[in-house]
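In what follows, a structure is listed as structure tokens, so that the remarks can point back to it.
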Amino acid sequence: MQALDKNPTETVIVMETVPIRFGMGASEELGYVLQQHQVKSVMLVTDPYLASLGKASTIQALIEEAGVEVTLYNQCHAEPTDLSFKEALDFQKGKSFDAYVALGGGSVIDTAKAMNLYGTYPAPLLTYINKPIGEGRGVPGPLKPLFALPTTAGTGSESTAVIVLDLLDLKLKTGIADRNLRPTVALIDPLLTLTMPPVVTASTGLDVLSHALESFISRPYSMRPRPQTPAERKPYIGANPIADIFTQKAIELAGKYLRRAYFNSHDLEARAGMMLGSTLAGVGFGNAGVHLPHAMGYPVAGMVRDYIAPGYPSDDVPQVPHGISCIVNAPAAFRFTIPAQPERHAEAARLLGVDTSGMSQQEAAEALPKALIQLMKDIDAPNGLQDLGYTKADIPLLVEGTMKQQRLLVNSPRPVDDKSMVKIFKDAMQYW
Ligand SMILES: NC(=O)c1ccc[n+]([C@@H]2O[C@H](COP(=O)([O-])OP(=O)(O)OC[C@H]3O[C@@H](n4cnc5c(N)ncnc54)[C@H](O)[C@@H]3O)[C@@H](O)[C@H]2O)c1
């Protein structure tokens with residue numbers, strides 16, 4: 001104990017995740033899972049597009065066959081906002097049910113988490129939102145059970161303790177992080193992803209890759225100060241040997257399968273590979289945490305002016321899909337972080353499929369941003385921030401928005417300040 005007391009840095013890894021049911025047909029086990037948890041009535045949460053594809057009615061029928069009553073909320077917004085959360089909260093007011101079922105991408109799962117949080121412990125919106133934007137107050141206690149069925153191979157929200165939302169007036173994306181937000185069970189069925197249009201496959205798949213790369217290349221847990229009490233330990237602890245196992249495999253899977261899933265939406269092996277990658281990255285980043293590309297992605301999404309991703313199945317409102325908002329920053333961010341951990345960048349390039357044999361460590365590390373750019377190009381991702389409508393004149397505000405994401409920036413393997421952020425944003429304007 002004495003040796004530990006003298007050591008002010010972290011020595012403990014906490015690895016938390018949800019019980020997972022993964023694989024083709026996993027969603028069909030929902031009725032059984034609800035019965036196991038003695039659920040009698042649920043709020044089924046989804047979005048209008050998924051409802052129009054018939055997915056919500058299939059899941060509703062499964063729930064009702066298990067003898068469970070359903071109230072359907074099918075109006076979640078893609079990339080949810082303070083306003084869309086309020087609409088969802090208004091909808092559920094006065095309705096009585098035991099649990100939530102979220103059927104959708106991160107937008108739906110996060111909306112269900114917010115309905116659960118603010119429905120159980122009502123409070124002004126900013127109460128639980130991360131500091132310095134909100135008050136950063138912890139969730140007071142346990143929430144209703146939430147069963148999550150992801151339909152994108154993307155955010156990993158089905159296993160994370162996080163909600164992300166857009167604060168419209170502040171033109172800023174931010175989040176709420178608390179262990180109580182983790183869903184109760186994740187039913188992860190690659191068959192639910194077959195209908196994703198290529199542009200959604202690209203954006204969500206690049207999100208998977210960004211999660212895995214950022215977590216694998218984050219400031220190691222052992223460099224953080226040890227918290228005074230276990231309760232003070234944050235959900236994101238930095239790269240660690242347990243999360244590495246998940247994130248390394250996720251990088252490899254995204255490298256192998258994302259192009260295939262993009263070009264052939266019915267390639268089952270590729271869909272399953274991307275869903276597994278998403279699950280593993282979710283478990284990895286849900287504990288290790290993300291950093292620069294995501295922290296930069298929040299103002300990139302929040303400050304959007306008139307960008308509409310061609311073919312994206314959301315209303316015709318300007319918005320940058322989440323995965324795109326992060327990946328456009330990633331090559332520039334990783335060029336910046338190479339000096340802090342060249343060996344991890346080199347290993348990530350190898351996992352992504354680059355033949356690094358014969359390269360020096362520095363060459364292999366530099367191959368990572370190059371491989372990322374090639375992948376972005378291959379699956380028609382935007383060519384940097386310029387393609388989203390940003391110019392150099394936007395950089396000061398983009399930097400200001402990024403520097404507010406301290407929860408994520410502490411995870412960067414190389415510390416950043418305003419000056420270095422300006423440099424990284426300049427570098428992220430155009431890649432090819
Ligand atoms: N909570 C977390 O841990 C976490 C992590 C990362 C991102 N996020 C958040 O998640 C949101 C993005 O979620 P997302 O990337 O999964 O996309 P999404 O949920 O916004 O879905 C994108 C679009 O694709 C459609 N779609 C989803 N699944 C489909 C399917 N199977 N077939 C056809 N269309 C489908 C949706 O209807 C929507 O129009 C953002 O708000 C982001 O900030 C949350």
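Oh and the sequence shown: position 274 is 274 in our numbering, straight run, nothing missing. Just so it is clear, CB atoms sit at the ideal spot from N, CA and C, and this is done for glycine as well.
Residue i - partner residues in DSSP beta bridges
i           : result
residue 423 : Looking at the DSSP assignment, residue 423 forms no beta bridge with any residue, so it has no partner.
residue 100 : 43, 146
residue 308 : 319
residue 22  : 188
Residue i: CB within 7 Å of a non-hydrogen atom of ligand 1
i           : result
residue 108 : yes
residue 196 : yes
residue 163 : yes
residue 192 : yes
residue 330 : no
residue 278 : no
residue 124 : no
residue 266 : no
residue 50  : yes
residue 157 : yes
residue 112 : no
residue 79  : yes
residue 291 : no
residue 174 : no
residue 189 : no
residue 436 : With the chain running from 1 to 432 in the structure shown, residue 436 is simply not present.
residue 322 : yes
residue 203 : yes
residue 302 : no
residue 313 : yes
residue 258 : no
residue 53  : yes
residue 104 : yes
residue 82  : no
residue 45  : no
Collapsed DSSP secondary structure at residue i in the structure displayed
i           : result
residue 1   : Low confidence applies here, because residue 1 scores a pLDDT of 45, under 50, leaving its location unreliable; read the following figure in that light. Correct three-state label for residue 1: coil.
residue 173 : strand
residue 73  : strand
residue 275 : helix
residue 42  : strand
residue 106 : helix
residue 340 : helix
residue 435 : The chain is shown from 1 up to 432; residue 435 falls before or after that span and cannot be answered.
residue 281 : helix
residue 348 : helix
residue 430 : coil
residue 163 : strand
residue 225 : strand
residue 414 : coil
residue 16  : coil
residue 9   : strand
residue 355 : coil
residue 325 : helix
residue 400 : helix
residue 123 : coil
residue 90  : helix
residue 95  : coil
residue 152 : coil
residue 331 : helix
Run of the beta strand (DSSP E) containing residue i, from where it starts to where it stops
i           : result
residue 237 : First-last for residue 237: undefined, no H or E at that position.
residue 185 : 185 to 188
Boundaries (first-last residue) of the alpha helix (DSSP H) holding residue i
i           : result
residue 260 : 241 to 263
residue 49  : 48 to 52
residue 57  : 55 to 65
residue 366 : 361 to 378
residue 214 : 198 to 216
residue 301 : 292 to 302
residue 128 : That residue, residue 128, is in no alpha helix (DSSP H); it is neither H nor E in DSSP.
residue 390 : Residue 390 -> no alpha helix (DSSP H), and no H or E assigned at all.
residue 449 : Since the displayed the chain opens at 1 and closes at 432, residue 449 lies outside it and no answer follows.
residue 407 : 406 to 409
Whole-angstrom C-beta distance between residue j and residue i, which should lie under 8 Å
i           : j           : result
residue 102 : residue 45  : 5 Å
residue 71  : residue 43  : 5 Å
residue 288 : residue 239 : 5 Å
residue 104 : residue 153 : Contact flag wrong, Cβ pair sits at about 13 Å.
Heavy atom of ligand 3 within 7 Å of residue i beta-carbon
i           : result
residue 345 : Looking for ligand 3 in the displayed structure turns up nothing; the ligands present are ligand 1.
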